[in-house]
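Those protein sequence lines, which keep their order, are chains A and B. Read in my numbering, the first sequence has 686 at position 686, and its numbers run on one by one without any break. Read in my numbering, the second sequence has 1208 at position 208, and its numbers run on one by one without any break. For each residue, glycine too, the CB sits at the ideal point set by N, CA and C. Keep in mind the model is a prediction, meaning the values are calculated, not measured. The structure appears below as structure tokens.
Protein chains: 2
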Amino acid sequence: MEKYLVLATFVGSIIALLFVVITAKKVLRFSEGTPLMQKISQSIRQGANAYLKRQYSVVGVFFACMVVVLCVMAACGLLTWFVPFAFLTGGFFSGLSGFIGMKIATASNCRTANACQEGLNRGLRVAFSAGSVMGFTVVGLGLLDISVWFFLLRFVFKLEASAITSAMLTFGMGASSMALFARVGGGIFTKAADVGADLVGKVEAGIPEDDPRNPAVIADNVGDNVGDVAGMGADLYESYVGSIISASALGVAAFSDQAFKAMAIPMVMAAIGIICSIIGTFFVRTDEQADQRTLLKALSRGTNLSAILIAIIACPLVILLLGKEHLGLYFAILAGLIAGVLIGKATEYYTSDTFKPTQDLSSKSQTGAATIIIGGLGLGMLSTAVPIIIVAICILVAYLCSGGAASTGMGLYGIALAAVGMLSTLGITLATDAYGPVADNAGGIAEMAGLAPEVRQRTDALDSLGNTTAATGKGFAIGSAALTALALMASYIEKVKEVGADVTFQDFSLMNPVVLVGLFIGACLPFVFAALTMNSVGRAAQSVVLEVRRQFREITGLMDSKADPDYARCVDLCTKASLHEMILPTIIAVVCPIVVGLILGYMGVVGMLAGATVTGFLMAIYMANAGGAWDNAKKYIEAGHFGGKGSDCHKAGVVGDTVGDPFKDTSGPAINILIKLLSMVSIVFAGLVVNFHLL
Amino acid sequence: MEKYLVLATFVGSIIALLFVVITAKKVLRFSEGTPLMQKISQSIRQGANAYLKRQYSVVGVFFACMVVVLCVMAACGLLTWFVPFAFLTGGFFSGLSGFIGMKIATASNCRTANACQEGLNRGLRVAFSAGSVMGFTVVGLGLLDISVWFFLLRFVFKLEASAITSAMLTFGMGASSMALFARVGGGIFTKAADVGADLVGKVEAGIPEDDPRNPAVIADNVGDNVGDVAGMGADLYESYVGSIISASALGVAAFSDQAFKAMAIPMVMAAIGIICSIIGTFFVRTDEQADQRTLLKALSRGTNLSAILIAIIACPLVILLLGKEHLGLYFAILAGLIAGVLIGKATEYYTSDTFKPTQDLSSKSQTGAATIIIGGLGLGMLSTAVPIIIVAICILVAYLCSGGAASTGMGLYGIALAAVGMLSTLGITLATDAYGPVADNAGGIAEMAGLAPEVRQRTDALDSLGNTTAATGKGFAIGSAALTALALMASYIEKVKEVGADVTFQDFSLMNPVVLVGLFIGACLPFVFAALTMNSVGRAAQSVVLEVRRQFREITGLMDSKADPDYARCVDLCTKASLHEMILPTIIAVVCPIVVGLILGYMGVVGMLAGATVTGFLMAIYMANAGGAWDNAKKYIEAGHFGGKGSDCHKAGVVGDTVGDPFKDTSGPAINILIKLLSMVSIVFAGLVVNFHLL
């Protein structure tokens, strides 16, 4: 039985990767358009490749240091020798997911622009196919990594179930570290370029967005790829793998008699999710006269169908593997699946300009920048309430349905399965999310290559929809991050028991001051992290502003299109700044759990993880939704409301959008990874902390 | 012995109130200045009185409803019959503190302006004396309420120690409810008027601040009194009383053998604090050529002296009452006292323009409003780290020094005593804080009455210093609120045990999903609360903007000073809007703990309290410091940096300041009260929740 389960997981991953190859080939068959379009696309590609190359070399140094530390710990008997290798593969595959996604995205931008010359539906097909490559690369590589390690540890090294999950949690740490670098570095790059290009180009020089005279325009387009594609790919690889392995680990803890089956359920669920998602992708198409609503329907049809298929198949799977008496676990999965959809809807409500909150927000531009900022901050804070309630209900349902009343272990396994359920449609939801930056780039290329206005209109329609799907995707990523973080917290406690601590319930009581102090410190981390990343964007953007101003001043004939700006210099500047700025936040995320553990012990660590998860969830939603709402409020004004483009209201809207940029694309998404990385690091260093701590 | 302790507390309160009467008489002997100044002052006074009168009538309805509910619960045996009465007296005294403070503030504004004609030192003396009246009214009434109830319950009704503290916690709930109404209502009033006056007057019409032609100028000055004076008075009354009674309650739980002595320590400490604070006030004076640094030194001399005196006297007190073996409790008190001072310093560092963070922030105005907003938000978030670490260390020191390692009860009593220690200098710190709005009003009157420019310069010097002391006072209030909230959480658990629940350690474990769900919901409350109050300010300000625009348009001759604006109408508008807007947030604060309790039971409530305390602390610091820094960054620009007044940088600074207004003066301070009110309500309704809950 065990072998078949591993095989099923492996087959799932291979199907995903085959689908990737076929889809990628299909995309690459489309024409790249005129030589000018090819040239622009190539500049973007070169910039993105150069950034990633240098990013990987910086990250490489970090990974080398960590591997040395892990080897030393293994030599001291605090870890097994699998840990350093698992850590490396997690980082490698996470980075690879981002890399492949970015490769296809930078190859598809000009193809999408070209396809949009022929029609909206054709454009959607190219962009969505590129997004699918990204989505299924992430899930395919994730499951491949998991199934290969499972096979090796079980059938080659013949380890026990708990030792297997313990080693596998380490590649979660590798994936999270890589993801944090990619998200933070890419997020700083993209927003520094975006803010810098807008502040000087749009506001000071008064030239339109994506104007080829703007020296930061290529950097801006590179940013979309390294931040919104490569960063997101690494990020979601980490979420996906994290949710599966934490569920497996808790399954082993809960089912001592059927450990391997409980461990396999999340993996097989993921494999089924892949197949259902692939089926869903075939239902994404639209007609030529589509407006935004029809486009959104086309995408929703695909994701909804996948979700329904998964909901149907998961039920017999649970019964088959664990027997009818554990049917409750199915409802836990279902709760996660439904919660994910509902959080997406809530995000859409708060950030789409077809609903009241964003429309109201844009009306606040009438009394200036200050009121639209206050309004957006208020909207973001208020929008945390519904997702919190959804997650709260999901936690309770998952816990109680899976038998938590009788056994805490079962209940926690249920919560972890809810996270797996939520992420089971990741292949297709990520496809709908990742196609956005491709469409955005296509719009840039259309503008720079001087294509007909209706082409830009079509790419804009695709791009605008991308903003909504990106916001939905973010809500989804945050919800699953919270559930996964809780599961990892539980895994941490299992790990602490495993390394020999004499754990009692009192240890984790809120009346234990060590737990409380941990809670305070953990709760503070997302605030500090958000502040550091926002300040980084500010500093990096400021250097872009100065460079763009310099080029406008010094390159004669630039404004009359008689001379070309020095695009490469802006790309280089963003690269250097973002690589420099990404180090401190990541180091903090890795060092904090170790320092807190060495001072406060494992009880303090649990408090810290709980605090970070709770405020991280809130801050991530607050920042993502405020940013999304400002962005769409500006678009709503641009669509002709309250005076339209160029009016005072529009200027106020641009201020809101600029504040929202680092909110939604740098700090907010990085917090998701932060809360999981904290847990992963804690798990890996549990042996050290249990043996050595001050209090 | 017991009687002497009650007597000492009573005497402390009487000394404070005598000092109030003497100081008030001294202030009232100063001249009110010219008839025009008197007339302006009278308009402000009338507006403030009218607001408070209507506020009290709205609050009266709420109190009447709550008393009915409490009486019904008492009739059902879920509460004792003391509870409704204690609830009423808490609310009454809290409101009275604000009322008296406001009376003296509105009587001193013109006197301060007039005294500033004679010199800076004289102006400081009047303003500071008015602040002292407020400060010592709060502590005097607080201790009076406590000592009278203690006397009645102990010597007339002859209750046991635990029954006494249980009844006394209820007047905490009354005080907190009143405080929340006062802070939220007053906070909305003051910021709606301020933002409204600035947006139309300064930005659109281009007339200076406090120009008599601005129809909202009187409303703005009324706002300073009802928000920053009456609101703050009610708020700090609640903090002061809450910290003392929660410490008493935990003392009773920890020392079953010496219950009354342990209960009395916080009260006697408070009485000693009053006397030391009075001594401190005599050392606040400055010379005529004082700059801001000298002025700050003058105030610091007074507060530091008081703190040192208290630190010296507390040691023999603890030994005398509980014996040498409990000397550790003294160190808990000391930890709180020192933590309070350090948090104040940290706040000063982040918000004063003599330090780097605010200077850097003002430099961000060079690239526009968006970058100064991003910078301020980042600064606010980052500034949470140091206070969190200070509070964390304070909690651990207080817990461990007071014997927490041996007994949890002793440790929690220590944490509560740290809060009492922190607030023991409240009389004088509140005086330095409350004098700010008096000086602010004096500046307004000087401007409107056309006094000589050097008078305005002097009031500005006093006012600017007031911004720093206000920020320090806020840091201090937040720190003590966090400690008090933890103490109240512990009191809640004692209460739950008392009403018959079979409490185990597992009940409050972070691995209990009910606790986790409570944690999520509680953590969300400060976000929702901040959003609601910010949106309220936005809506109320918008209505002021429309009214001011209307008056500018319709009253002919207004801009040429040939006709008077209709001040009363703006005051009336603010009054109506703020009373209307204050209801929902307060209702949420009262209803949430009951609903969460009825669904999740007492474990969920404990989770909720912990979540709300932790994120409330973070949000309150984030909002107070971001707001303070924006305010001072604008002032720094106005002082001539980056182009000075009227430059583009200044305009960006004004946007920052406007966003900061509701942050620092409405939402931020109200969160302090929120986290304590949640605990108080939970304690009062513990009997109901333990007997009836869903899960």
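Q | Buried or exposed by the 16-neighbour rule on C-beta atoms within 10 Å, applied to B:Trp1630 | A | Start at 1 with the first residue of the second sequence, and residue 1630 of chain B comes out as number 630. Buried.
Q) What first and last residue would you give for the alpha helix (DSSP H) that runs through B:Ala1075? A) Against the second sequence, residue 1075 of chain B aligns to sequence position 75. 1035-1075 is the extent of the alpha helix (DSSP H) around B:Ala1075.
**Q.** Residues that A:Met534 contacts on chain B, provided the C-beta gap is smaller than 7 Å
**A.** Here residue 534 of chain A is taken as the residue at index 534 of the first sequence, counted from 1. Simply Ile1374, Leu1377, Gly1378.
Q) Taking 8 Å as the CB-CB cut-off, is A:Leu486 touching chain B? A) As a working mapping, residue 486 of chain A is identified with position 486 in the first sequence. So, interface residue.
**Q.** Bounding residues of the alpha helix (DSSP H) (the contiguous stretch that carries B:His1650)
**A.** Numbered from 1 along the second sequence, position 650 holds the residue referred to as residue 1650 of chain B. Its alpha helix (DSSP H) spans residues 1648-1662.
(Q) If we define contact as Cβ-Cβ less than 8 Å, is B:Gln1359 a contact residue for chain A? (A) Translated into the one-based positions of the second sequence, residue 1359 of chain B becomes position 359. Closer than 8 Å: no.
Q.
Quick check for students: name the residue ranges of the alpha helix (DSSP H) that lie wholly in the stretch 1212-1272 of chain B, counting only runs of 4 or more.
A. 1217-1223, 1232-1254
Q | Range covered by the alpha helix (DSSP H) that runs through B:Gln1506 | A | Position 506 of the second sequence holds residue 1506 of chain B. No alpha helix (DSSP H) holds B:Gln1506; DSSP gives it neither H nor E.
**Q.** Nearest-angstrom Cβ-Cβ length linking A:Leu322 and A:Lys261, presumed shorter than 8 Å
**A.** Start at 1 with the first residue of the first sequence, and residue 322 of chain A comes out as number 322. Start at 1 with the first residue of the first sequence, and residue 261 of chain A comes out as number 261. Correct: roughly 6 Å between the Cβ atoms.
Q. Which of helix, strand or coil does DSSP assign to A:Asn109?
A. Along the first sequence, one-based indexing puts residue 109 of chain A at 109. Residue state, collapsed to three classes: helix.
Q: Please report how far the alpha carbon of B:Ala1540 lies from the alpha carbon of B:Lys1191, in whole angstroms.
A: For the purposes of this step, residue 1540 of chain B is identified with residue 540 of the second sequence, where counting begins at 1. For the purposes of this step, residue 1191 of chain B is identified with residue 191 of the second sequence, where counting begins at 1. So the two alpha carbons sit approximately 9 Å from each other.
(Q) I need the straight-line Cα distance from A:Tyr413 to A:Ile395, nearest angstrom please. (A) To locate residue 413 of chain A, count along the first sequence from 1; it is residue 413. To locate residue 395 of chain A, count along the first sequence from 1; it is residue 395. If I take the Cα positions, the gap works out to 11 Å.
Q: Could you tell me if A:Tyr492 is buried or exposed, where buried requires 16 or more neighbouring beta carbons within 10 angstroms of its beta carbon?
A: Translated into positions along the first sequence, residue 492 of chain A becomes position 492. So A:Tyr492 ends up on the buried side.
Q.
I need the straight-line Cα distance from B:Phe1010 to B:Val1241, nearest angstrom please.
A. Translated into the one-based positions of the second sequence, residue 1010 of chain B becomes position 10. Translated into the one-based positions of the second sequence, residue 1241 of chain B becomes position 241. Distance between the alpha carbons of B:Phe1010 and B:Val1241: 14 Å.
Q: Could you say which of B:Val1059, B:Lys1676, B:Lys1664 lies nearest to B:Thr1468 if we only look at CA atoms?
A: Walking along the second sequence from the start, residue 1468 of chain B turns up at place 468. Cα-wise, what sits closest to B:Thr1468 is B:Lys1664.
Q: Using a cut-off of 8 Å between C-beta atoms, extract the partners of B:Pro1669 located in chain A.
A: On the second sequence, residue 1669 of chain B is found 669 positions in, with the first residue counted as 1. Going along chain A, no residue has its Cβ under 8 Å from B:Pro1669, so there is no contact; the nearest lies around 16 Å.
Q. For A:Ala64, is the classification buried or exposed, using 16 other Cβ atoms within 10 angstroms of its Cβ as the cut-off for buried?
A. In the first sequence, residue 64 of chain A corresponds to position 64, counting from 1. That one is exposed.
(Q) Within the continuous alpha helix (DSSP H) that includes A:Phe128, where are the two ends? (A) By 1-based counting over the first sequence, the position of residue 128 of chain A is 128. It spans 120-151 - the alpha helix (DSSP H) in which A:Phe128 sits, taken as one unbroken run.
**Q.** Residue-chain proximity (B:Met1511, chain A), Cβ-Cβ < 8 Å
**A.** The residue labelled residue 1511 of chain B in the question sits at position 511 within the second sequence. For B:Met1511, the answer is yes, since a Cβ of chain A falls inside 8 Å of its Cβ.
Q: Establish whether the CB of B:Ala1577 and some CB of chain A are separated by less than 8 Å.
A: Residue numbering aside, residue 1577 of chain B sits at position 577 when the second sequence is read from its first letter. No, because no Cβ of chain A sits closer than 8 Å to the Cβ of B:Ala1577.
Q) Is it the case that the Cβ atoms of B:Met1619 and B:Phe1527 are separated by a distance below 8 Å? A) Locating residue 1619 of chain B in the second sequence gives position 619, counting from the first residue. Locating residue 1527 of chain B in the second sequence gives position 527, counting from the first residue. The answer is yes: Cβ separation under 8 Å.
Q: Return no unless some Cβ of chain A is closer than 8 Å to the Cβ of B:Met1178.
A: Here residue 1178 of chain B is taken as the residue at index 178 of the second sequence, counted from 1. B:Met1178 does not count as touching chain A.
Q. What are the residues of the stretch 1381-1411 of chain B that lie near chain A, defined by any Cβ-Cβ distance shorter than 7 Å?
A. Met1381, Leu1382, Thr1384, Ala1385, Ile1388, Val1391, Ala1392, Ile1395, Leu1396, Tyr1399, Gly1404, Thr1408, Gly1411
Q: Give the straight-line distance between the Cα atoms of A:Ile583 and B:Gly1644, rounded to the nearest whole angstrom.
A: Within the first sequence, numbered from 1, the residue matching residue 583 of chain A stands at position 583. Within the second sequence, numbered from 1, the residue matching residue 1644 of chain B stands at position 644. Roughly 37 Å between the two C-alpha positions.
Q. Under 8 Å between C-beta atoms, does B:Leu1103 make it to chain A?
A. Within the second sequence, the letter at position 103 stands for residue 1103 of chain B. Before going on, a small fix: residue 1103 of chain B reads as Lys here, not Leu. No, B:Lys1103 lies away from the interface with chain A (no Cβ there is under 8 Å from its Cβ).
Q) Just reading off the alpha helix (DSSP H) that A:Lys202 is part of, what are its end residues? A) Counting from 1 along the first sequence, the entry for residue 202 of chain A is found at position 202. Careful: A:Lys202 lies outside any alpha helix (DSSP H) and carries neither H nor E.
Q: Return the residue from the list B:Leu1143, B:Gly1500, B:Leu1688, B:Lys1562 that minimises the CA-CA distance to B:Ile1275.
A: By one-based count along the second sequence, residue 1275 of chain B stands at place 275. For the residues B:Leu1143, B:Gly1500, B:Leu1688, B:Lys1562, the minimum Cα distance to B:Ile1275 belongs to B:Leu1143.
Q: Say whether the stretch 673-683 of chain A touches the stretch 1110-1127 of chain B, bearing in mind that this needs 3 or more beta-carbon pairs closer than 8 Å, one atom from each stretch.
A: no
Q: Please name the residue in A:Pro212, A:Val222, A:Ala416, A:Gly206 whose C-alpha comes closest to that of A:Cys703.
A: The structure shown does not extend to residue 703 of chain A, since chain A spans only 1 to 695, so no value can be given for it.
Q) Three-state secondary structure (DSSP) at B:Pro1565? A) What you label residue 1565 of chain B is simply residue 565 of the second sequence in a count that begins at 1. Three-state result, B:Pro1565: coil.
Q: May I have the straight-line CA-CA distance separating B:Val1184 from B:Gly1627, to the nearest angstrom?
A: Numbered from 1 along the second sequence, position 184 holds the residue referred to as residue 1184 of chain B. Numbered from 1 along the second sequence, position 627 holds the residue referred to as residue 1627 of chain B. About 17 Å.
(Q) Can you give me the C-alpha to C-alpha distance between A:Ala75 and A:Arg29, rounded to a whole angstrom? (A) By 1-based counting over the first sequence, the position of residue 75 of chain A is 75. By 1-based counting over the first sequence, the position of residue 29 of chain A is 29. For A:Ala75 and A:Arg29, the distance between alpha carbons rounds to 52 Å.
Q: Show which residues of chain A have a CB atom less than 8 Å away from the CB atom of B:Tyr1622.
A: Locating residue 1622 of chain B in the second sequence gives position 622, where the first residue counts as 1. Near B:Tyr1622 (Cβ distances below 8 Å), the residues of chain A are Phe527.
Q: Would you list, in chain order, the members of the stretch 1323-1346 of chain B that have their beta-carbon closer than 8 Å to a beta-carbon of chain A?
A: none
**Q.** Assigned exposure category for A:Thr504 - 16 Cβ within 10 Å defines buried
**A.** Start at 1 with the first residue of the first sequence, and residue 504 of chain A comes out as number 504. Exposed, because fewer than 16 other Cβ atoms sit within 10 Å of the Cβ of A:Thr504.
Q. With 8 Å set as the bound, which would you pick, yes or no: does the beta-carbon of A:Cys524 sit closer than that to a beta-carbon of chain B?
A. Along the first sequence, one-based indexing puts residue 524 of chain A at 524. Answer yes: the Cβ-Cβ gap between A:Cys524 and chain B drops below 8 Å somewhere.
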